[in-house]
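Read the structure below first, then the notes.
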Amino acid sequence: MSQEKAMSCCCVLDASTYVGFWILKKLLNRGYSVRAAIRKNGESMLEEKIRNMQATEERLVVYDVDVLDYQSILVSLNNCNAVFCCLDNPEGYDEMEVDLEVRGAINVVEACARTESIDKVIFSSSLTAAIWRDNIGTQKDVDEKSWSDLNFCLEKKLWHALAKTQSEKAAWALAMDRMVNMVSVNPGLIVGPSVTQHNPRPTMSFLKGAAQMYENGVLAYVDVEFVADVHIRVFEDISACGRYFCFNQIVNTEEEALKLVEILSPLIPMPPRYEKEMQGSEVHAERLRNNKLNKLVEAGSAC
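Residue numbers 96 to 398, in my numbering, belong to the letters of the sequence shown in order.
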């Protein structure tokens, strides 16, 4: 373990989310000390795993946090160098949850601004904060400069997209105002070990409107371990800045769509006519671009 990592302390909030849990594991494996901030009164399998880990992992301390309780956030951040903000509702998304997530994001960034030891905030957002608008099918490129249209999301009741767009925008506005060093990661649909058991409702919330995403070339998915690695990479790289789209595979063919259905089974049932054989030739134009992340991973970063 390097001396620098031994001295670094990171907070993962909420560590009991699917992404937060994997970031927590990766940070511990890399030698960091970690504050695992988890929702009060939570009863998820991941929360139970984290509490059990605390008994054997000397570099892990668990805190109960209510993101609507500003003081409880401050306590978990004390003496930390970085915060991985991974807000996600385990029950999925509805209209009420949108406001709660925005308020939580604001509280986290404000708490970071008031914690002198914090050097960087890594904000975990989503591709759904960038892909939804009326004219998405006419855009050649959808990249880090793109934002989902709030009125469109509200009209179509795309609550996951609305929550992620509003909370990320609010976090960026406050971070710039309070001079907080923030970077965001915008993953596609997150898949990985036991995702259908540990993250079923947020997964289905992301997939609302999946047919339209697919037809417009903006449906993409990504392995959770890669997502966690990217979060840590943008933390460790001092030149990392702004937003980073994060995905492994764009789903723009019938074959890829069926592969995704298989990955998410039994959350999504396989269409009967494809149970024995997957075939299809329709191809939709890819619109998503993640050149910025590729540059970061391969050779450095570009703003």
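C-beta: ideal position from N, C-alpha, C; glycine also.
Model, not experiment: these values are computed from the prediction.
Beta-bridge partners assigned by DSSP to Ala315: Ile345. When the alpha-carbon of Ala206 is set against those of Lys259, Ala323 and Gln166, the nearest one is in Gln166. Take the alpha-carbon of Asp189 and the one of Ala225: they are about 19 angstroms apart.
The C-alpha of Lys215 lies about 10 angstroms from the C-alpha of Glu331. A direct Cα-Cα distance of roughly 20 angstroms separates Tyr316 from Cys248.
Boundaries around Met277 are those of the beta strand (DSSP E), Met277 to Pro282, since no alpha helix (DSSP H) includes it. In this structure, Lys259 and Ser221 form a Cβ contact; the two beta carbons are roughly 4 angstroms apart against a cut-off of 8 angstroms. Excluding five sequence positions before and after Thr112, the CB atoms of its chain that fall closer than 6 angstroms to its own CB belong to Cys181 and Asp183, given in chain order.
Counting along the chain, Leu155 sits inside the beta strand (DSSP E) bounded by residues Leu155 to Val160.
In this structure, DSSP gives Gly115 a helical state, which the three-state scheme calls helix.
Taking 9 angstroms as the cut-off, the beta carbon of Ser262 is found closer than this to the beta carbon of Gly199. Membership of Leu108 in the beta strand (DSSP E) is indicated by the continuous run Cys104 to Leu108. In the structure shown, the three-state DSSP call for Ser243 is coil.
Each residue's CA atom was taken as its position, placing Lys235 and Leu359 some 29 angstroms apart.
Listed in chain order, the beta strand (DSSP E) elements of length 3 or more contained wholly in the region 174 to 238 are 177 to 180 and 215 to 219. Per the Cβ contact rule, the region 147 to 162 is in contact with the region 122 to 129 (3 or more Cβ pairs under 8 angstroms). With a cut-off of 8 angstroms on Cβ pairs, the region 281 to 297 is in contact with the region 337 to 347, counting three or more such pairs. Gly115 is positioned such that its CB atom lies no closer than 9 angstroms to that of Ser243.
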